[in-house]
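A.B. asks: Using the working numbering, the letters of the sequence shown correspond one by one to residues 430 to 667. Just so you know, even glycine gets a beta-carbon here, dropped at the ideal spot from N, CA and C.
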Amino acid sequence: MKEQVREEPGVMAASERSMRQWAIKEELAARAAQQRLAATPVVMPYHYVSISREAGAGGGEVAALVAARLGWDCFDRNLLDDVAKRCNSDRQMLELVDETESNWVFDVLGTWMDRRLVPHEKYIVALVRSIVCAAKCAQAVFVGRGAQFVLPADRTLAVRLVANEAFRLARLARIYGCSPADARQKMIEIDRGRAELVSRFFHHDIADPRLYDLVINTGRLGIEGAADLIVATVRRQG
């Protein structure tokens with residue numbers, strides 16, 4: 430007949446304490462893992478790229494390259510066609526309020542102004558609806574017009590393009606076929622109009638770098654280099 434082995438009370442107590450300590454340690458480790466998981470931001474793939482730009486920094490060209498390389502749609506001035514339909518206006522009238530500070534037009538011309546001219550408020554409502562509609566249809570690159578403030582932030586790569594003055598003036602003079610002096614005036618007016626639109630309707634400073642995921646100097650990297658950087662960032666995210 431085998432002898433029954435009796436465990437001493439002290440041994441049993443020590444064993445129980447060890448088990449409790451192990452269980453507590455495991456529970457704490459599980460809680461810590463859950464907290465780390467909760468604190469880890471969920472990385473979503475980009476569905477959109479919004480490009481804000483200084484006048485002459487090459488926003489339209491960069492956007493076209495990015496869209497072509499990603500196989501996405503590109504919305505720049507072509508977005509105005511949809512806005513025009515929503516406003517029951519024509520494209521030429523929208524050109525006067527698109528990203529420009531056109532209050533002076535009303536101040537100078539007053540009641541002589543063409544009645545078809547779209548007020549800023551009506552324009553911005555139609556613009557937002559057009560951006561949302563375009564975004565629902567496909568992945569896309571949007572140029573300016575406050576798109577980054579309309580598109581979902583977690584799915585949008587917000588880009589700001591800047592460049593030195595000489596680079597910008599040379600491009601504007603070539604685009605408009607004008608003198609350096611006229612190019613400078615256009616640069617000032619365009620930048621002011623874009624800043625006014627973002628400030629008035631989206632309540633942000635367009636030049637605040639904290640609004641953007643990438644701020645790219647096209648005067649240093651070039652148009653191709655800027656497009657390469659944006660495409661690489663989108664692809665790395667997902």
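Quick one: what does DSSP say M542 is sitting in, helix, strand or coil?
C.D. replies: Position 113 of the sequence shown, counted from the first residue, corresponds to residue 542. Low confidence applies to M542: its pLDDT is 35, below 50, so where it sits in the model is not reliable enough to give any reading.
A.B. asks: Pick out whichever of A567, M616, Y475 has its Cα sitting closest to the Cα of V588.
C.D. replies: Here residue 588 corresponds to residue number 159 of the sequence shown, with the count starting at 1. The residue with the shortest Cα to Cα distance from V588 is Y475.
A.B. asks: Which two residues bound the contiguous alpha helix (DSSP H) that contains L601?
C.D. replies: Counting from one through the sequence shown, the residue named residue 601 turns up at place 172. L601 -> alpha helix (DSSP H) spans 594–605.
A.B. asks: Spell out a yes or no on whether the segment 558–573 and the segment 495–505 are touching, meaning 3 or more CB-CB pairs, one atom from each, closer than 8 Å.
C.D. replies: The segment 558–573 makes contact with the segment 495–505; the number of CB pairs closer than 8 Å reaches 3 or more.
A.B. asks: Quick check on the burial criterion: 16 or more other C-beta atoms within 10 angstroms. Buried or exposed for V547?
C.D. replies: Start at 1 with the first residue of the sequence shown, and residue 547 comes out as number 118. Because the pLDDT at V547 is just 49, under 50, the model does not fix this residue reliably, and the point stays unresolved.
A.B. asks: Can you tell me where the alpha helix (DSSP H) with D657 in it begins and where it stops?
C.D. replies: Reading the sequence shown from its first residue, position 228 is the one you call residue 657. Counting along the chain, the alpha helix (DSSP H) containing D657 begins and ends at 647–666.
A.B. asks: Please report the distance separating the alpha-carbon of R629 from that of C607.
C.D. replies: Mapped onto the sequence shown, residue 629 falls at position 200. Mapped onto the sequence shown, residue 607 falls at position 178. One C-alpha to the other measures close to 30 Å.
A.B. asks: Provide the residue span of the alpha helix (DSSP H) that contains A569, from first to last.
C.D. replies: Your numbering for residue 569 matches position 140 in the sequence shown. A569 -> not in any alpha helix (DSSP H); beta strand (DSSP E) instead, spanning 569–572.
A.B. asks: Helix, strand or coil for S608 per DSSP?
C.D. replies: For this step, residue 608 is matched to residue 179 along the sequence shown. DSSP places S608 in coil when its eight states are reduced to three.
A.B. asks: Give the DSSP-derived three-state secondary structure of I635 in the structure shown.
C.D. replies: The count along the sequence shown starts at 1 and reaches residue 635 at position 206. Coil.
A.B. asks: Pull up the distance between the alpha-carbon of V579 and that of E455, whole angstroms please.
C.D. replies: Here residue 579 refers to the residue found at position 150 of the sequence shown. Here residue 455 refers to the residue found at position 26 of the sequence shown. Roughly 45 Å between the two C-alpha positions.
A.B. asks: DSSP beta-bridge partners for D505?
C.D. replies: Translated into the one-based positions of the sequence shown, residue 505 becomes position 76. Bridge partners of D505: none, in fact.
A.B. asks: Taking the alpha carbon of A582 as the reference point, which residue from G485, S479, A612 has its own alpha carbon closest?
C.D. replies: Against the sequence shown, residue 582 aligns to sequence position 153. Minimum Cα distance to A582 is reached at S479.
A.B. asks: Taking just the CA atoms, how far does A486 sit from I604?
C.D. replies: Start at 1 with the first residue of the sequence shown, and residue 604 comes out as number 175. Start at 1 with the first residue of the sequence shown, and residue 486 comes out as number 57. Approximately 12 Å between the Cα atoms of the pair.
A.B. asks: Are there 16 or more other CB atoms within 10 angstroms of the CB of T647, so buried, or fewer, so exposed?
C.D. replies: Taking the sequence shown and counting its residues from 1, one reaches residue 647 at position 218. Buried.
A.B. asks: Cutting at 6 Å between CB atoms, please list the residues of its own chain near A655, excluding the five before and the five after it.
C.D. replies: Residue numbering aside, residue 655 sits at position 226 when the sequence shown is read from its first letter. Around A655: V491, I645, T647.
A.B. asks: Alpha carbon to alpha carbon, how far is R446 from A461? Give it in angstroms, no decimals.
C.D. replies: Translated into positions along the sequence shown, residue 461 becomes position 32. Translated into positions along the sequence shown, residue 446 becomes position 17. Approximately 22 Å, taken between the alpha carbons.
A.B. asks: On the DSSP bridge list, what partners appear for A587?
C.D. replies: For the purposes of this step, residue 587 is taken as residue 158 along the sequence shown, with counting starting at 1. Paired residues: S479.
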